[in-house]
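These notes are about the structure you will find just below.
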Amino acid sequence: MSILNTPFTLPNGSILPNRLAKSAMSENLGDKYHAPTPTLINAYYEWVKGGAGLLITGNVMVDKMALGEPQNVVVEDRKHFDLLQQWAKTTQGSDTHLWAQINHPGRQAIGAINKEVFAPSAVPLKLKGASAMFKTPKPLSETQILDIIDRFGNTAKILQDAGFTGVQIHSAHGYLSSQFLSPITNKRTDKWGGSLENRARFVLEVYRNIRKKVGAAFPIGIKINSADFQRGGFTEAESMEVLQLLSAEGIDLIEISGGSYERPAMMGSAKKQSTLEREAYFMEYIEKARKITSKPLMLTGGFRTVSVMENAIQSNQLDIIGLARPFAVLPNLANHIFTGKLSSLPSPNPKIGIKMLDEVGSMEILWYELQIKRIGEGKKPDFKMSAYKALGHTLKLSLRKAFRKN
Ligand SMILES: Cc1cc2nc3c(=O)[nH]c(=O)nc-3n(C[C@H](O)[C@H](O)[C@H](O)COP(=O)(O)O)c2cc1C
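Under the numbering used here, the first residue of the sequence shown carries the number 75, and numbering increases by one thereafter.
Structural data, given as structure tokens:
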């Protein structure tokens, strides 16, 4: 039997039935009220059937006035509680965990679909020609910061009541929490900026607010950057310090990733030769992290070979293997691995040939989002789908949202 098919017990006693997790992938499948659609819910039925022990949802936003994508699901009140319950019920009859990833985009909010954009400081994104898609953000006031922290807790509590078995704070990939951590995007001189202690205050307060509302037994995970991979950004040493702070607070699962829209290391852009040989992009970091925290570790980014994943667990480098893109084209990959049918995973790299779009990894994300839509529609993956189709689909959704008025 594969070691990947062995259970893992979190420190709070929750049991993940195996070591494979679907990492968060923004599905962009909310309706015009940002509630889950039947297509989104169906995709989760398929993933539950597929056998992964932990499914982490695509980012669920805490504020409908701050969207990363036009069809993000937003949870800020109980208006669509029945649909959230239906989403959570997809795991019924299985021991699969379903955790919702909670997020606020900060400056990575597409300009056309957000009336105003707020971030720790007024530092615009630099995206080689695509910068025009984003507005220069306005600095958040202290009152706004406290409101967002409270929103994270509120969203988590609603999701817990709806039946989700855990939540994950998105503190990676250049979104708001990650913007607070990075000295490039956080130029504040008040208690939310400057020293690492101050820059980490936001994520710690988010954690505390959620914990206060959901209680000790409910798993709270975090996805955090090993580094920004930018000069003057959040460093590996700082990331380690934040891991220690979160561990002392009682975080239940730490997922490691890296990068941002400006430097998409999470999609494999920062690969060194040593990384290519070891497959997973942030393996060196996680080995160091293992020495400074006793909390469970999950690693996401680049895993494609079953024996490499098995070795990582066998040698106790980490506890949970995170996979994203392969799950969008092969929803039942966990079962296939457990029955020995698969020894490596597919992960196409669709491109459109426009360097600036291909480089930021956004084309690939849009292509994979459409594959997730196909899963929800009961269709097979379309490996031949053109990246232009994915681009066209997203432009259509963005325009529709922009003209509907925010
Ligand atoms: C379509 C798509 C959407 C994504 N959305 C999110 C997201 O909402 N939250 C997040 O933390 N990561 C997101 N990611 C990044 C993945 O979770 C993961 O870190 C990345 O794809 C690397 O893992 P992989 O090599 O197994 O694909 C997304 C990736 C893709 C392809």
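Every residue gets a Cβ at the ideal spot worked out from N, C-alpha and C, and that includes glycine.
Between residue i and ligand 1, is there a pair consisting of the residue's CB and a ligand heavy atom that are separated by less than 7 Å?
| i | result |
| --- | --- |
| Arg285 | no |
| Glu120 | no |
| Gln175 | yes |
| Thr239 | no |
| Lys297 | yes |
| Leu397 | yes |
| Ile439 | yes |
| Tyr442 | yes |
| Pro405 | no |
| Pro400 | yes |
| Ser97 | yes |
| Met75 | no |
| Asn133 | yes |
| His178 | no |
| His244 | yes |
Can you tell me whether residue i is buried or exposed? The criterion is at least 16 other CB atoms within 10 Å of its CB, across all chains shown.
| i | result |
| --- | --- |
| Asp326 | buried |
| Pro110 | buried |
| Ile366 | exposed |
| Met372 | buried |
| Pro420 | exposed |
| Lys231 | buried |
| Leu78 | buried |
| Ser389 | exposed |
| Ile394 | buried |
| Phe377 | buried |
| Ala291 | exposed |
| Phe226 | buried |
| Ala246 | buried |
| Leu199 | buried |
| Leu404 | buried |
| Met437 | buried |
| Pro293 | buried |
| Gln242 | buried |
| Ala82 | Just to set this straight, residue 82 is Phe in the shown sequence, not Ala. Buried. |
| Ala311 | exposed |
| Phe457 | exposed |
| Leu397 | buried |
When DSSP labels each residue in this structure, what does residue i get in the three-state scheme?
| i | result |
| --- | --- |
| Leu419 | coil |
| Ser245 | strand |
| Val148 | strand |
| Thr263 | coil |
| His467 | helix |
| His171 | strand |
| Asn299 | strand |
| Ile258 | coil |
| Thr379 | strand |
| Arg478 | helix |
| Ala290 | coil |
| Val197 | coil |
| Ile77 | helix |
| Thr374 | strand |
| Asn177 | strand |
| Ser252 | helix |
| Met135 | strand |
How would you write the range of the alpha helix (DSSP H) that residue i sits in, first residue to last?
| i | result |
| --- | --- |
| Gln318 | Glu310 to Glu323 |
| Ala363 | Met357 to Ile366 |
| Glu271 | Leu270 to Arg273 |
| Leu233 | Glu216 to Ala236 |
| Glu120 | Pro112 to Lys123 |
Could you please give the first and the last residue of the uninterrupted beta strand (DSSP E) stretch that includes residue i?
| i | result |
| --- | --- |
| Gln445 | It is not in any beta strand (DSSP E) - Gln445 instead sits in the alpha helix (DSSP H) that spans Ser436 to Gly450. |
| Lys96 | Leu94 to Lys96 |
| Leu407 | Here Leu407 belongs to no beta strand (DSSP E); instead the alpha helix (DSSP H) covers Leu407 to Phe412. |
| Ile130 | Leu128 to Ile130 |
| Leu327 | Leu327 to Ser331 |
Taking Cβ to Cβ, would you say residue i is nearer than 8 Å to residue j?
| i | j | result |
| --- | --- | --- |
| Arg93 | Ile330 | no |
| Ser122 | Thr165 | What sits at residue 122 in the sequence shown is Val, not Ser. For Val122 and Thr165, yes; Cβs fall inside 8 Å. |
| Gly142 | Asn116 | no |
| His108 | Val136 | no |
| Gln145 | His244 | no |
| Leu416 | Val380 | yes |
| Phe308 | Ile219 | no |
| Asp302 | Gly342 | no |
| Arg181 | Gln253 | yes |
| Gly185 | Phe208 | yes |
| Ser313 | Ser300 | yes |
| Leu114 | Leu128 | no |
| Gly124 | Asn385 | no |
| Asp156 | Pro91 | no |
| Ser88 | Thr374 | no |
| Val191 | Ile258 | no |
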